[in-house]
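*Asks:* Residue numbers (the working numbering): -12 to 236.
Where is the CB? At the ideal position from N, CA and C, for every residue including glycine.
What follows is a structure written as structure tokens; I'll ask about it next.
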Ligand SMILES: C[S@@+](CC[C@H](N)C(=O)[O-])C[C@H]1O[C@@H](n2cnc3c(N)ncnc32)[C@H](O)[C@@H]1O
């Protein structure tokens, strides 16, 4: 990686992703990355496909796309590579080197991505980014504009009991004590926004058995648990969760 600072050692890096590097070595991230990989239902075979990872951080999903045979993968980030986030690009650089990866990278803010400056990709991953954006519809428009086939979105969802499209706003740090969290849509809002952006089919791929995971007793239990372990009514509500969506052109 010409022109970049020397690689840090694994112990020096503040990891987000838990990336398998071979021989049983996994980077010590705080994220349950392998479990999330199941949830986003990344196609097992990406042979011949081009893939864009928006908000890649340590690059776990980019490296998985490369492993699935993608012919080109571009990882992008800014907030956690050189912006105000607590992350750095050190983890990405370390894993890239350890995996002998050919994944490309570009330091660019999610909202600055356009077909003119990054091109268009068969598969676009927009994972864990939507709720960090002050203007989520604009963020989806960015992702849609560079997507030729499949847009994969992983996000916090809220208001999931409502059939009407809606979004919930989190003032200050009211979602998970993190003041970079702003908005969470419900399923109808996600489907509506993505349809309006020209996607022909939008499906929830996680949770698969949403009738069980999001059934009233399970939500009631997790809400009560959230009230006890959290701080006040914004901390966790009965209608919150995380979901993954696939949107097809
Ligand atoms: C929760 S991490 C998700 C990382 C990875 N895509 C994943 O799903 O594991 C959020 C990502 O969104 C990026 N991001 C983009 N814009 C952001 C913003 N305004 N605030 C916080 N994070 C932002 C961060 O840099 C970070 O890589």
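With a threshold of 8 Å, establish whether the CB of residue 2 neighbours any heavy atom of ligand 1.
*Replies:* Every heavy atom of ligand 1 is 8 Å or more from the Cβ of residue 2, so no.
*Asks:* Going by DSSP, name the residue or residues bridged to residue 134.
*Replies:* Answer is 108, bridged to residue 134.
*Asks:* Run the CB neighbour count on residue 182, radius 10 Å, all protein chains shown included, and call it buried at 16 or more, exposed below.
*Replies:* By the neighbour-count rule (16 or more Cβ atoms within 10 Å), residue 182 is not buried but exposed.
*Asks:* Could you have a look at residue 59 and say whether DSSP puts it in helix, strand or coil?
*Replies:* Looking at residue 59 - three-state DSSP - the assignment turns out to be strand.
*Asks:* Can you pull the DSSP bridge partners for residue 230?
*Replies:* Its beta-bridge partners are 142.
*Asks:* Mark residue 158 as exposed unless 16 or more other C-beta atoms lie within 10 angstroms of its C-beta, in which case mark it buried.
*Replies:* So residue 158 ends up on the exposed side.
*Asks:* So is the beta-carbon of residue 112 under 8 Å away from any non-hydrogen atom of ligand 1?
*Replies:* At least one heavy atom of ligand 1 is nearer than 8 Å to the Cβ of residue 112, so yes.
*Asks:* Excluding five sequence neighbours on each side, which residues of the same chain lie with their C-beta closer than 8 Å to the C-beta of residue 27?
*Replies:* If we look at residue 27 and ignore the five residues flanking it on each side, its Cβ neighbours are 48, 112, 114, 139, 141, 192, 193 and 231.
*Asks:* On the criterion of 16 or more Cβ atoms from any shown chain inside 10 Å, does residue 87 qualify as buried, or is it exposed?
*Replies:* Per the 10 Å Cβ criterion, exposed.
*Asks:* Comparing the CB of residue 42 with every heavy atom of ligand 1, is any distance shorter than 8 Å?
*Replies:* Checking every heavy atom of ligand 1 against the Cβ of residue 42, one is found closer than 8 Å.
*Asks:* From the DSSP output, which residues share a beta bridge with residue 41?
*Replies:* Paired residue(s): 63 and 113.
*Asks:* Tell me the DSSP bridge mates of residue 155?
*Replies:* DSSP output for residue 155 lists 171 as bridge partner(s).
*Asks:* Where residue -6 and residue 80 are concerned, what is the direct C-alpha to C-alpha distance, given to the nearest angstrom?
*Replies:* Roughly 7 Å separates the two Cα atoms.
*Asks:* Write down the C-beta distance between residue 119 and residue 95 rounded to the nearest angstrom, noting that I regard them as a contact closer than 8 Å.
*Replies:* Contact flag wrong, Cβ pair sits at about 15 Å.
*Asks:* I want to check one thing, is the minimum distance from the CB of residue 77 to the heavy atoms of ligand 1 below 8 Å?
*Replies:* No - ligand 1 has no heavy atom lying nearer than 8 Å to the Cβ of residue 77.
*Asks:* Which residues share a DSSP beta bridge with residue 205?
*Replies:* In DSSP, residue 205 forms no bridge with anything.
*Asks:* Let's test the definition: count the other Cβ atoms within 10 Å of the Cβ of residue 71 and tell me whether it reaches 16, buried, or not, exposed.
*Replies:* With fewer than 16 Cβ atoms within 10 Å of its Cβ, residue 71 is classed as exposed.
*Asks:* Alpha carbon to alpha carbon, what distance is there between residue 160 and residue 167?
*Replies:* Their Cα atoms are separated by approximately 7 Å.
*Asks:* If you compare alpha carbons, which of 0, 171, 227 and 46 is closest to residue 126?
*Replies:* Answer by Cα proximity: 171.
*Asks:* Near residue 137, which residues of its chain fall below 8 Å by C-beta distance, leaving aside the five closest residues on each side in sequence?
*Replies:* Same-chain partners within the cutoff: 30, 109, 110, 111, 233, 234, 235 and 236.
*Asks:* With a threshold of 8 Å (Cβ to nearest heavy atom), would residue 51 be considered close to ligand 1?
*Replies:* No, the Cβ of residue 51 stays beyond 8 Å of every heavy atom of ligand 1.
*Asks:* Using CA coordinates, which residue listed in 176, 22, 21 and -3 is at the minimum distance from residue 14?
*Replies:* Among 176, 22, 21 and -3, the Cα nearest to that of residue 14 is on -3.
*Asks:* Taking the Cβ atom as the reference point for each residue, do residue 2 and residue 16 lie within a distance shorter than 9 Å?
*Replies:* A contact, by the Cβ cut-off of 9 Å.
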